[in-house]
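For the sequence shown, the working numbering assigns the number 162 to the initial residue and increments by one for each residue that follows.
Beta carbons are placed, not taken as given, at the ideal position from N, Cα and C, and that holds for glycine.
To keep things clear, I will list the structure first and then write my remarks on it.
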Amino acid sequence: MNRLWDRRRRPERGWDPVSAEYAVIYADEVYRTTGPALVDQTEALYGDLAGRTVLDLEAGPGQSALEFARRGAKVTWFDASRNYRAIAERRAADEGLELDFQIGHLDEFEGRYDVIFCSLAWYYCRDDTAFARRLITALEPDGLLYCRINNGDYLRDAVRSQPASRRYLVLGQFELYARTGIKLGHPQCDTGRIAKALADAGANDLRLHSERGTTLISARP
Ligand SMILES: C[S@@+](CC[C@H](N)C(=O)[O-])C[C@H]1O[C@@H](n2cnc3c(N)ncnc32)[C@H](O)[C@@H]1O
């Protein structure tokens, strides 16, 4: 069903998942609150990023993409949203940073990279197995995959204050996906399913670290 739906929502034909108004609000928030911690963590796992190719997959307004570029990496900003792209381009230009900007659907990125960085976007992929395979095969031999996801615990906390009808709908959508792999819409990520998809895709050195509903996943090809 998601595949059929996605055929109508093509970023290259102008579909944008994020309104211009929301893009500004989210950008203000993350540029104010996100420090370099995630990029520090990536660098601690990979090593020096200078001169390395980094794909920031679903990079949003670009707060991490710009940080990678500040450290001398050759950065590809990739996202489905032109509204975020406009913000990231303007901020990069303000700092004199050069990035490659590409618009497309999450599952359809191309190229090979030393580092693939994907923060809070895995749930928009159509199929965990195919997406995991694409990620692992797009890494250079000594490459690193770094993913950050909100998991089921995050969801259970987040829906607590919502009306019962909405709560049961969202939790039902998540449980269906977690138990069967069937995705209706974009359910919250299930850590076990993602780890299995990456392992099946041939990932090595798979590491998971969960904290307060967020899981960091890193892997090597
Ligand atoms: C929560 S934001 C995360 C942005 C950034 N990686 C971060 O950590 O701040 C999710 C990203 O996925 C993108 N996206 C892709 N497909 C989407 C969809 N179907 N609905 C909403 N957002 C989608 C959005 O444009 C957005 O940049």
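Rounded Cβ spacing between residue i and residue j (contact assumed at less than 8 Å)
i    : j    : result
Y265 : A299 : It should be noted that the sequence gives Gly, not Tyr, for residue 265. That belief does not hold up - the Cβ atoms of G265 and A299 are roughly 13 Å apart, past 8 Å.
D289 : A358 : 4 Å
R354 : L305 : Actually they are not in contact, since the Cβ atoms of R354 and L305 sit about 21 Å apart, beyond 8 Å.
D351 : A364 : So it is not a contact: roughly 17 Å between Cβ atoms.
Beta-carbon proximity check, residue i vs residue j, cutoff 8 Å
i    : j    : result
A241 : L260 : no
T203 : V276 : yes
A247 : A293 : no
P222 : Y192 : yes
C206 : R231 : Looking at the sequence provided, one finds Leu at residue 206 rather than Cys. Contact flag unset, no.
D255 : V236 : no
Residue i to residue j span [Cα, whole Å]
i    : j    : result
H370 : D303 : 21 Å
F335 : G233 : 39 Å
Q349 : W283 : 9 Å
P324 : L316 : 14 Å
G342 : R295 : 18 Å
S379 : K344 : 23 Å
E173 : E250 : 18 Å
A211 : G175 : 34 Å
F262 : F239 : 6 Å
Which of helix, strand or coil DSSP assigns to residue i
i    : result
R309 : strand
I378 : strand
E301 : strand
E190 : helix
Q202 : helix
E250 : helix
Item to check | For ligand 1, residues whose Cβ lies under 6 Å from any non-hydrogen atom | outcome: What you get when you keep residues with a C-beta closer than 6 Å to any heavy atom of ligand 1 is P178, V179, V191, E219, A220, G221, D240, A241, S242, Y245, L267, S280, L281, A282, Y285.
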